[in-house]
Amino acid sequence: MQQPGKICRDEGDIGNAFKQHVKQVNAVYTVPYLAHAPMEPPAATAMFHGDGRCKIWDCTQSPQRARDKVAKALGLDKDQVLVNVTLLGGAFGRKAKADYLVEAAILAKAAGQPVKVVWSREDDIQNDYYHAISAQYYQGALDDNR
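Its first residue numbered 2, the sequence shown is counted upward by one per residue in this note's numbering.
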């Protein structure tokens with residue numbers, strides 16, 4: 002934590018500024034591994050056409066990645082997969098992953114009819130891609146002891 006990190010901005014004489022000021026302020030902010038816990042759980046609808054094309058409806062944050070993952074999982078060309086993006090809000094990055102879309106597409110192909118997959122909150126938390134841990138150390142100085 003006390004090792005120098007990446008300098009994003011460098012202006013003035015920091016060492017001298019800290020010597021001249023009355024009060025130093027230090028803060029450490031840490032965040033543990035966190036689930037995205039989107040407002041709505043992962044859900045997707047998939048169907049296959051007789052010519053082998055797959056259509057998916059989902060509020061994905063990454064339609065190209067979703068298309069690519071589904072195509073790879075099912076052995077299709079990318080142009081055989083169409084992802085229809087629906088309205089999205091409050092996913093916090095979770096819906097950039099395509100695991101639940103792939104599940105819907107595999108099930109729709111196996112069933113031979115449209116399939117809608119809706120994960121339970123428990124499924125989502127247990128199978129989420131967790132945010133990495135994070136720690137930041139901040140240091141500042143005040144010249145009038147405020």
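Every residue gets a Cβ at the ideal spot worked out from N, C-alpha and C, and that includes glycine.
Residue environment, residue i, which counts as buried when at least 16 other CB atoms sit within 10 Å
i: residue 98; result: buried
i: residue 30; result: exposed
i: residue 67; result: buried
i: residue 104; result: buried
i: residue 5; result: exposed
i: residue 106; result: buried
i: residue 45; result: buried
i: residue 23; result: exposed
Whole-angstrom distance between residue j and residue i, CA atom to CA atom
i: residue 1; j: residue 57; result: Residue 1 lies beyond the range of the chain shown here (2 to 147); nothing can be said about it.
i: residue 37; j: residue 73; result: 25 Å
i: residue 118; j: residue 134; result: 30 Å
i: residue 33; j: residue 130; result: 13 Å
i: residue 71; j: residue 94; result: 19 Å
i: residue 108; j: residue 92; result: 24 Å
i: residue 18; j: residue 143; result: 9 Å
i: residue 114; j: residue 82; result: 16 Å
i: residue 26; j: residue 140; result: 6 Å
i: residue 15; j: residue 28; result: 17 Å
i: residue 75; j: residue 110; result: 9 Å
i: residue 43; j: residue 132; result: 17 Å
i: residue 69; j: residue 112; result: 22 Å
i: residue 12; j: residue 21; result: 16 Å
i: residue 136; j: residue 8; result: 16 Å
i: residue 120; j: residue 128; result: 10 Å
i: residue 116; j: residue 122; result: 19 Å
Assumed close pair residue i, residue j - CB separation to whole angstroms, cut-off 8 Å
i: residue 59; j: residue 84; result: 7 Å
i: residue 90; j: residue 40; result: 7 Å
One or two residues paired with residue i in a DSSP bridge
i: residue 58; result: 46 and 85
i: residue 27; result: 140
i: residue 117; result: 46
i: residue 63; result: DSSP lists no partner for residue 63.
i: residue 32; result: 135
Candidates the options: closest to residue i by CA position
i: residue 53; options: 79, 104 and 28; result: 79
i: residue 87; options: 93, 9, 62 and 122; result: 62
i: residue 77; options: 64, 114, 136 and 55; result: 55
i: residue 126; options: 105, 101 and 26; result: 101
i: residue 65; options: 28, 96, 21 and 137; result: 96
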